[in-house]
Each structure stands twice: as structure tokens, then as C-alpha cells.
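Peer 1: If you're matching positions, the sequence shown starts at 1042 in the numbering used here and goes up one per residue.
Note that the Cβ used here is the ideal one computed from N, Cα and C, for glycine as well.
Because the structure is a prediction, the values reported are computed rather than measured.
Here's a structure for you.
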Amino acid sequence: AQQQRNLDNIVSQHPRINGGKRSKKETCAGSDLEVKNTSPMSEQDSGILDVEDEEEDEEVPGAQELVDFSPVYRCLHIYSVLGARETFENYYRKQRRKQARLVLQPPSNMHETLDGYRKYFNQIVGFFVVEDHILHTTQGLVNRAYIDELWEMALSKTIAALRTHSSYCSDPSLVLDLKNLIVLFADTLQGYGFPVNQLFDMLLEIQDQYSETLLKKWSGVFRNILDSDNYSPIPVTNEEVYKKIVGQFPFQDAELEKQPFPKKFPFSEFVPKVYNQIKEFIYACLKFSEDLHLSSTEVDDMIRKSTNLLLTRTLSNCLQNVIKRKNVGLTELVQIIINTTHLEKSCKFLEEFITNITNVLPETVHTTKLYGTTTFKDARHAAEEEIYTNLNQKIDQFLQLADYDWMALEPGSRASDYLVDLIGFLRSTFAVFTHLPGDVDAHSTMSGKVAQTACMSACKHLSTSLMQLLLEAEVRQLTLGALQQFNLDVEECEQFARSGPVPGFQGDTLQLAFIDLRQIMAGEAFGERFAFLLGWGGCVWCVCPWSCSPSLV
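Spelled out as C-alpha cells, the structure:
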């Protein structure tokens, strides 16, 4: 059976090999010599048929070349002469059933190596090849009903053993080799006339397990790629390197092509690496579908479903883990947003790739669609949320340094040091967004939107946090000097908003983030609003319910 599969490309130049089927000597033995001997006590009368054939073809050795059947033939002849043929038939069948049960008992460590499976299959094939030879070279020692009964038992026990042992296997290469071995096992016995449909049905179950082992393997592959990436745009110094990367990943940018060397791709190295590993996964799925007698539509559906699991579960989890890890910086998060945007665009090329290898058009009814775009959108949104969260956490760290003296008689000459440092951090952070690489139409628009949202989120968070500082329960008295110092800090925030740290805001949109804080600080209205917000009665400039000290305003 193995030789038949391997020699398909030269079958027209050489005679077809009979491996996997009964040899010509076996198939002809039942009819060549039945009428040559008319002796009443000849071997023909005993039910033994001569298996010799004068024609000597160069063939794979048959059962009669590998096994000495003469003891069986002699016993059958002797019992027939003694009139006890039925006794021998019953004895033979009983003993062979016992031997079948021994053959069908798999070793406990069969799942550890392919040789363990091979030895198990060889024993089963050997048993039934022998029985098939006996069936065709004797008259009635065994019959088709007996053979079918044995095969039905063997099939159920074999499938049960394979289900159990294959479940222990975590190596996709071993599962693939096992699948190829099962196919050879099935093709061999099918050549002897045994029904093997249940084996192919079981292979579809093993395919699910194979897919799971592939997903585990590729999870490690993706983790290594993401962990080793520098999250910086890929620099290219010459045309050769540029063409190599474009050959690995479907990317076209007329503006980038016009730029002189050295130049940079907008994405980092993990983009072409991840893309090519997705294609390798698809190839690995395709390998399992070979020789399973599946239609193109079934193969296409199997590949797409497995690829969807790779995208929506394995790759998605790896991306989420990178985004959520503690040491990831804002620059890395911005690069992840750019990378996932390009991977999302590449999904249509993955669709075409699958179509080319399965010849099933994506417009075909019931064709499964790839969910890659959803995976990369979710990762991008997670990265954006992480940017906003990280910015707010950084703002909180600066605010922990705030140390207002609410009883100060005079304000300082400038905004508080912690706030100056905080504004400087925000300016440098949003400069990263402003100077992102990439074409104007795609990346500037995408990164600009993220930058605007991040900037507005940061300003609102800063405004809310300053409000909480002013209104916290521990602040029961305020001097005018303290309020003037706080007002300097608010003005610093408003100046930051007016300076346009991120382009694209219309008018005073960003300044509106501090409008509530400004209203609280507004001149004569401050006292009323401040008391109102806290739900206190009492004087205007003091939040205590009794009269102020003369030293307080």
C-alpha cells in the first residue's frame, strides 16, 4: 500500500505493485487446480487447494512466501481422512479467536512512539492476511461469515484503542504520522476486501485532536515572536531587503516606495512573521486532510474552521497577554495598534491563500468566513484602552506627589513642580503619536484618532483628580494664598490644552475638559459653588459651618 502511494507519478512506466492486495498466487489459487486431481482422498477433497502457480512475476511477497501453512494443511487433511474435519474446523477457529484477542491488545506505551503504533497495526494486518489466505486456499476451514465476525470485533477494539492512546499525544508531528499510518492500514485491509469506513470516520475525530495540538504548538510560536519583537518599525537599507519583506507580507505603499533608502516600514517584524506562521498553520492543516477521501469543500471547511480557532483563540490570547503585561510601554502599545491594523488588512490575502489551495471559492454556499478582522480589531481596541489606562495611572503617580499647603498665606511664583513635570510628561507622550511612521491616509488618521482620544481622556482624568484634591474631606479650611496657587496649576493645565498637544481638535474642545474646574475657581462665584458642591452651610470662603478666623478670607 505504501509503494502504491509513493509510485503514483511513475505508474505508467512500471507495472502496478500488488502490495496491499492479495498476490496473484493467492487470488488464483482457488480455481487453478481444483479439477487436476480426482483421487477420492486427495488434498482437494480435504478442502486444501494447491497454491503453486507456474507464472513467476516479480511481486511483493505474498502470505505463502512469508508463512509456512503446511502444518495447517496437513492437519486439515488428516482430520478430513479421519472423518473429523468439523472438529478441526471448530478447534482452529476457537484458537484463532483467542490469538486475535491477544493481537488486538495494545501495549500500554503504544502512544509514545510511532513504532509502537506500527507494530500494533502490523500484527493486525498479519493476522487478517493469514486468515484471508486460509479462506482462499482451503475449502471451508474458515468462511466469509467467520472472517467478517472477526473483523467486526477487531475494528471496534482497534478504534477504541486508537481513541484512547491518540488522546495522550501532544506532538502534532506524531499525530500526523499516526494518521498516515492509519490510512495505510485501512488501504491495505481494504485491498483484502475488509470494510474500513469506520477507520476514516475515526480519522475525522483525530483531526480535531490534531488541530488542538497544532494550536498549542502555534501558541508557543506566537509567544516567541511577540516576546522577541522590538516593537519598532522595520528599517530597510537597500532594495533587496525591501523586496524580501514585501515578498513575506502583502504590503503596498506608493509613497514609501518613492522614498530613498534608508527607510522604514510602518510595522515591526512580528507582522510578517505572524502572517507567515498563519500560512504555515494552514499548510499543516492541509497535510492532515490528504488521503482522507474528502471533497474540496470539506477540506476547505476544515481548514477555515481550524484557522479561525488559531486567530480568535490562540493568536488573540497571545496579543492580549502582550498588551496586558506590566512592563509594556506606550510606544509598544502604539506599535501594536499599527501592527494589528496591517494584519487586519492582510486577512483578505489569507482568504485568497486558502481558496488557491482548496479551489473552493469564498462565494460558495456554506463557506466559512475567516474571523481574523475581528481578532485584530479586538486587539487594537484593547491596546487603545491600555494606553488610556496607563496614561491615567501615570497621572495618578504624579498627583501622589502633590503637597498643597491649604493654609499658605502667599502663592508661589509658578505652577506646582509636580504639575509642571506632569505636563512635560504628557507633551512628550503625545509627541510619540504625532511622529508615528506610515502613510498619511492610514496611519496618521488612525494614530491621530487614538492620540485625540488619549489626550482628551488624560485631560478629563487630570481635571477630575484635581477637583477631588480640592474637595476631599480633609480640606476643611482654605486660605486665599492656597487658592491662588491652585489657580496657577489650573491655568497651567488650560495652557497645555490651548497649546494643541495633539492636532485635530476643533476650537476649544480640549479646554472644555477643565471647564468644571475653572468654574469652581471663578472669582466671586467660588464660595457659593464650593459650599453648594459639598452640601455645607456657613461662610463663603470657608467650608466650616461656623465663622472664620480673621486671618482667613
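If I measure Cβ to Cβ from S1330 and keep anything under 7 Å in the same chain, skipping five residues before and after, which residues do I get?
Peer 2: V1340, M1343, listed in sequence order.
Peer 1: DSSP on K1320, reduced to helix/strand/coil?
Peer 2: Note: K1320 maps to helix in three-state DSSP.
Peer 1: Is the beta carbon of N1279 sitting closer than 8 Å to the one on F1302?
Peer 2: Cβ atoms of N1279 and F1302: closer than 8 Å.
Peer 1: Per DSSP, what kind of secondary structure is P1291 in: helix, strand or coil?
Peer 2: Here P1291 sits in coil by DSSP.
Peer 1: Going by DSSP, which residues form a beta bridge with P1662?
Peer 2: With the chain running from 1042 to 1594 in the structure shown, residue 1662 is simply not present.
Peer 1: DSSP on D1094, reduced to helix/strand/coil?
Peer 2: Any answer about D1094 is weak, because its pLDDT of 48 lies below 50 and its placement is not dependable; what the coordinates show is given next. D1094: coil per DSSP, three-state reduction.
Peer 1: DSSP on T1382, reduced to helix/strand/coil?
Peer 2: Helix.
Peer 1: Go through its chain and collect everything with a Cβ distance to F1439's Cβ below 6 Å, but skip five positions before and after it.
Peer 2: The residues are Y1459, L1463.
Peer 1: By alpha-carbon positions, which one of H1422, V1531, Y1316, N1131 ends up nearest to M1562?
Peer 2: Residue V1531 is the option with its Cα nearest to M1562.
Peer 1: Whole angstroms are fine: how far does the CA of P1452 sit from the CA of Q1525?
Peer 2: Their backbone Cα atoms lie some 6 Å apart in a straight line.
Peer 1: Below 8 Å on the Cβ atoms is my guess for F1110 versus V1144; work out the distance and round it to an integer in Å.
Peer 2: No, F1110 and V1144 are not in contact; Cβ-Cβ is about 18 Å, not under 8 Å.
Peer 1: Just verifying my parser: in three-state terms, what is the DSSP assignment at Q1085?
Peer 2: Note that Q1085 scores a pLDDT of 49, beneath 50, so its modelled location is shaky; the value from the coordinates is reported in the next line. Here Q1085 sits in helix by DSSP.
Peer 1: From the DSSP output, in three-state form, read off T1179 for me.
Peer 2: Here T1179 sits in strand by DSSP.
Peer 1: Between which two residues does the alpha helix (DSSP H) harbouring Q1438 extend?
Peer 2: Run containing Q1438: 1413-1440, per the alpha helix (DSSP H) assignment.
Peer 1: Please confirm whether K1418 has its beta-carbon closer than 8 Å to some beta-carbon of chain B.
Peer 2: You won't find chain B in this structure, because it holds only one protein chain.
Peer 1: For F1306, tell me which candidate among T1199, C1359, D1549, H1383 has the shortest Cα-Cα distance.
Peer 2: Checked all of T1199, C1359, D1549, H1383; the closest Cα to F1306 is H1383.
Peer 1: For K1320, which residues of its own chain have a beta-carbon under 7 Å away from its beta-carbon, when the five flanking residues on both sides are left out?
Peer 2: If we look at K1320 and ignore the five residues flanking it on each side, its Cβ neighbours are F1394.
Peer 1: Using only alpha-carbon positions, find the residue among S1309, E1427, T1254, N1238 that is nearest to S1273.
Peer 2: Among S1309, E1427, T1254, N1238, the Cα nearest to that of S1273 is on S1309.
Peer 1: Indicate the three-state DSSP secondary structure (helix, strand or coil) for K1258 in the structure shown.
Peer 2: K1258: helix per DSSP, three-state reduction.
Peer 1: Using C-beta distances below 7 Å, list every residue in its chain close to G1522, excluding the 5 sequence neighbours before and after it, in chain order.
Peer 2: For G1522, where only same-chain residues beyond five positions count, the Cβ hits under 7 Å are A1449, L1450, E1451, P1452.
Peer 1: Can you give me the C-alpha to C-alpha distance between R1421 and S1149, rounded to a whole angstrom?
Peer 2: The straight-line gap from Cα to Cα measures roughly 48 Å.
Peer 1: Taking just the CA atoms, how far does V1315 sit from C1359?
Peer 2: Roughly 11 Å separates the two Cα atoms.
Peer 1: Pick out whichever of S1214, E1296, I1378 has its Cα sitting closest to the Cα of F1311.
Peer 2: With distances taken between Cα atoms, F1311 lies closest to I1378.
Peer 1: With 16 as the cutoff for other CB atoms within 10 Å, does L1402 come out buried or exposed?
Peer 2: Exposed, because fewer than 16 other Cβ atoms sit within 10 Å of the Cβ of L1402.
Peer 1: Mapping the DSSP letters down to three states, classify Y1233 as helix, strand or coil.
Peer 2: Three-state result, Y1233: coil.
Peer 1: Measure the alpha-carbon distance for C1500 versus E1281 and round it to whole angstroms.
Peer 2: Computed Cα separation, rounded: 46 Å.
Peer 1: Going by Cα to Cα distance, which pick from S1207, M1508, K1435, I1188 is closest to A1495?
Peer 2: It is K1435.
Peer 1: On the criterion of 16 or more Cβ atoms from any shown chain inside 10 Å, does N1380 qualify as buried, or is it exposed?
Peer 2: So N1380 ends up on the buried side.
Peer 1: Does Y1233 pass the burial test, meaning 16 or more other C-beta atoms within 10 Å, or should it be called exposed?
Peer 2: By the 10 Å Cβ count, Y1233 comes out buried.
Peer 1: Decide if K1220 is buried, meaning its Cβ has at least 16 other Cβ atoms within 10 Å, or exposed.
Peer 2: It is buried - the Cβ of K1220 has at least 16 other Cβ atoms within 10 Å.
Peer 1: Does the segment 1221-1229 come into contact with the segment 1179-1194, if we say contact requires no fewer than three beta-carbon pairs (one atom in each stretch) closer than 8 Å?
Peer 2: No: the two stretches stay apart, fewer than three of their Cβ pairs being nearer than 8 Å.
Peer 1: Give the single residue among F1292, E1172, Q1164, K1490 whose Cα lies nearest to the Cα of Q1105.
Peer 2: Per the Cα distances, E1172.
Peer 1: Take the Cβ of P1276 as the centre, count every other Cβ of all protein chains shown within 10 Å, and call the residue buried at 16 or more, exposed below.
Peer 2: It counts as exposed.
Peer 1: If you draw a straight line from the C-alpha of I1295 to the C-alpha of Y1445, how long is it?
Peer 2: With the sequence shown as reference, residue 1295 is identified as Ala, and Ile is not the correct amino acid for it. Cα to Cα, A1295 sits roughly 55 Å from Y1445.
Peer 1: With distances taken between CB atoms, is the gap from L1374 to A1325 smaller than 8 Å?
Peer 2: In this structure, A1325 does not lie closer than 8 Å to L1374 by Cβ.
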